[in-house]
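Residue numbers (my numbering), protein chains in the order written: chain E, 2 to 188; chain B, 9 to 208.
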């Protein structure tokens with residue numbers, strides 16, 4: 002047995018633009034049309050987010066705003082349940098905590114980075130730790146699943162969020178200090 | 009002048025041959041990099057390069073750790089970090105200068121008057137870094153998420169074999185593979201970032 006989730010239009014909702022939502026052939030016994038999503042641009046992401054679909058495009062501009070000076074291609078985070086229903090030229094990251102994708106702040110961004118760039122997650126958290134709610138970081142990392150907690154442990158995020166569960170082995174404190182001194186951050 | 013052009017101009021003025029490695033080199037294959045510039049010089053030139061850079065008015069010496077001397081370089085638009093890397097630890101069982109000779113001849117390519125390490129060579133350098141297990145394994149897996157081809161991971165193994173480091177790199181690539189799986193980066197992807205539409 003397995004749980005399946007799909008994208009449907011809600012009753013009374015205007016039709017989804019065909020550029021981004023492609024109807025899947027509807028079996029006769031199914032009352033609703035299922036859609037596949039085609040996400041080719043940042044505007045497509047905005048269109049779908051306005052329809053309350055929790056897709057999120059993490060850009061390097063956003064990460065640089067948070068002080069970590071790197072460049073990377075945009076990363077499209079989508080709820081794991083619909084990962085097979087999305088096609089995109091962006092790099093797709095299925096993400097377990099769909100709620101975090103609705104309106105991500107710094108804690109949500111830290112948790113997302115643990116999947117795509119765990120060193121970036123430590124850098125961003127270290128730079129923001131005095132001005133964000135640590136309990137939110139805890140909640141978002143734990144909600145993202147055990148593999149994300151394991152990455153958080155490897156990156157020693159417990160240095161900043163001591164209550165975070167530990168899975169696996171952290172890097173040494175000396176290596177974490179080396180990392181904190183050497184990663185490119187805004188002066 | 010941009011960061012890389014400032015660095016090139018300083019090193020050329022000091023008569024130091026060099027190859028750009030790591031982030032900037034990887035950028036030639038996929039668009040993921042930092043603002044830092046990492047360059048490698050021949051082991052026989054390393055001390056002279058450090059002395060030359062320390063004499064430059066636009067350069068501040070920061071520190072030395074492991075095989076890297078770090079400098080801050082002022083540019084027209086601000087400042088960048090320059091890491092000067094001593095490659096002798098990369099030569100494995102061969103003579104200390106062997107890796108740099110390979111890098112200059114077969115392991116790099118020229119673009120705009122600057123030599124850049126080939127991607128597989130840059131990956132080999134990352135996997136041979138002293139802090140590979142705690143730090144560079146994550147960077148290489150992140151590179152895969154950003155578009156680094158699996159063939160370039162295998163290419164790093166080919167480079168390693170030239171220096172008798174095959175077993176070590178094979179073991180490290182297995183660790184990278186485990187991390188790729190842990191982070192879900194092994195999911196088949198059909199992405200083509202050049203087709204993605206970005207807002208201006």
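Beta carbons are placed, not taken as given, at the ideal position from N, Cα and C, and that holds for glycine. Since this is a predicted model, take the numbers as computed values, not measurements.
Which residues does DSSP list as the beta-bridge partners of residue i?
i	result
residue 69(B)	79(B)
residue 22(E)	38(E)
residue 42(B)	71(E)
residue 80(E)	96(E)
residue 88(E)	39(E)
residue 87(B)	82(B)
residue 18(B)	Its beta-bridge partners do not exist; DSSP assigns none.
residue 92(B)	47(B) and 77(B)
residue 28(B)	47(B) and 124(B)
Any C-beta of chain E sitting closer than 8 Å to the C-beta of residue i?
i	result
residue 57(B)	no
residue 150(B)	yes
residue 185(B)	no
residue 37(B)	no
residue 119(B)	no
residue 89(B)	yes
residue 61(B)	no
residue 143(B)	yes
residue 153(B)	yes
residue 182(B)	no
residue 205(B)	yes
With 8 Å as the threshold, decide whether the Cβ of residue i is near any Cβ in chain B.
i	result
residue 37(E)	no
residue 73(E)	yes
residue 185(E)	yes
residue 66(E)	no
residue 92(E)	yes
residue 20(E)	no
residue 176(E)	yes
residue 43(E)	yes
residue 133(E)	no
Suppose the cutoff is 6 Å on Cβ atoms and the five residues either side in sequence are ignored; what does the same chain contact list for residue i look like?
i	result
residue 100(B)	171, 172 and 173
residue 75(E)	58, 60 and 91
residue 102(B)	171
residue 118(B)	none
residue 98(E)	144 and 145
residue 159(E)	165
residue 61(B)	67 and 79
residue 88(E)	39
Assuming residue i contacts residue j (C-beta within less than 8 Å), just tell me the rounded distance between them.
i	j	result
residue 111(B)	residue 129(B)	6 Å
residue 186(E)	residue 68(E)	5 Å
residue 49(B)	residue 24(B)	6 Å
residue 134(B)	residue 144(B)	5 Å
residue 21(E)	residue 47(E)	With a Cβ gap of about 10 Å, residue 21(E) and residue 47(E) do not count as contacting.
For residue i, collect the residues of the same chain with a Cβ closer than 8 Å to its Cβ; drop the 5 residues on either side in sequence, then sort them by chain order.
i	result
residue 149(B)	184, 187, 188, 191 and 193
residue 155(E)	119, 169, 170, 171 and 172
residue 66(E)	none
Beta-carbon within less than 7 Å of residue i's beta-carbon, same chain only, minus the 5 sequence neighbours each way: which residues are those?
i	result
residue 114(E)	121, 122 and 125
residue 14(B)	81 and 83
residue 1(E)	Residue 1(E) lies beyond the residue range present for chain E, which begins at 2 and ends at 188; the question has no answer from this structure.
residue 133(E)	107 and 108
Mind listing, in chain order, the continuous alpha helix (DSSP H) runs of no fewer than 4 residues lying wholly within the region 97–122 of chain B? 106–113
Taking the runs of the alpha helix (DSSP H) that are 4 residues or longer, which of them lie wholly in the region 126–176 of chain B? 127–136, 145–154 and 158–170
Mind pulling the alpha helix (DSSP H) runs of 4 or more residues that sit fully within the region 137–186 of chain E? 147–155 and 174–183
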